[in-house]
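**Student:** Quick one: the structure is below, questions incoming.
In my numbering, the protein residues as written are 9 to 175.
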């Protein structure tokens, strides 16, 4: 098995208490990038539809002293669990939010990650940070569409098609 780690961080102009409150509404953050929530037991436990046959069960653990949320993702399509860790720390008048996605798997997962590239995964991480900021400001979150994910991965897909002569 291979661990593929992707980290994105951004400074947002909000106080850490507001950011931490928003982070605890984890089921609303679009942690899985466009996957529809089909069952929400709580902000810490929910299920998303991965595709027609598979689902992903998500569980969030909260560490109040370190202002960290760790989401464990168990997919019916994989034997191993992925994780997404969201950390907040005060920085000046704002809060630095770091999102680290660890995607585990063998050859199929590695091939999928080569297709969507770092940009595709990072677009999901950026969306998580944007949703935290939106919730902290009292707004409604946004779930990524297939078009948004494809656009983020599009440059990578175009380059792969060009190299293989399939343009």
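Note that the Cβ used here is the ideal one computed from N, Cα and C, for glycine as well.
Fair warning: this is a prediction, and the values are worked out from it, not measured in the lab.
So is residue 141 in contact with chain D if we call contact Cβ pairs under 8 Å?
**Tutor:** Of the protein chains in this structure there is only one, and it is not chain D.
**Student:** Does the beta-carbon of residue 75 have 16 or more other beta-carbons within 10 angstroms, so that it is buried, or is it exposed?
**Tutor:** Buried, because 16 or more other Cβ atoms sit within 10 Å of the Cβ of residue 75.
**Student:** Give the secondary structure of residue 143 by DSSP, where H, G and I count as helix, E and B as strand, and everything else as coil.
**Tutor:** Helix at residue 143.
**Student:** Among 159, 112 and 142, whose alpha-carbon lies nearest the alpha-carbon of residue 131?
**Tutor:** Selected option, being the one with the closest Cα: 159.
**Student:** Going by beta-carbon coordinates alone, are residue 33 and residue 44 separated by less than 8 Å?
**Tutor:** Against a cut-off of 8 Å, the Cβ pair of residue 44 and residue 33 comes out as no contact.
**Student:** To the nearest angstrom, how far is it from the Cα of residue 96 to the Cα of residue 61?
**Tutor:** Looking at the two C-alpha atoms, the distance is approximately 35 Å.
**Student:** Sorted by chain position, which residues of the same chain lie with C-beta nearer than 7 Å to residue 28's C-beta, five sequence neighbours on each side aside?
**Tutor:** Closer than 7 Å at Cβ, skipping near neighbours: 75 and 96.
**Student:** What's the C-alpha gap between residue 91 and residue 17?
**Tutor:** When rounded, the distance between both Cα atoms is 16 Å.
**Student:** How close, in whole Å, do the beta carbons of residue 22 and residue 102 come, if the pair is a contact with beta carbons under 8 Å?
**Tutor:** Indeed, because the Cβ distance is near 6 Å, the residues count as touching under 8 Å.
**Student:** Should residue 128 be labelled buried (16 or more other beta-carbon atoms within 10 Å of its own) or exposed?
**Tutor:** Flag for residue 128 reads buried.
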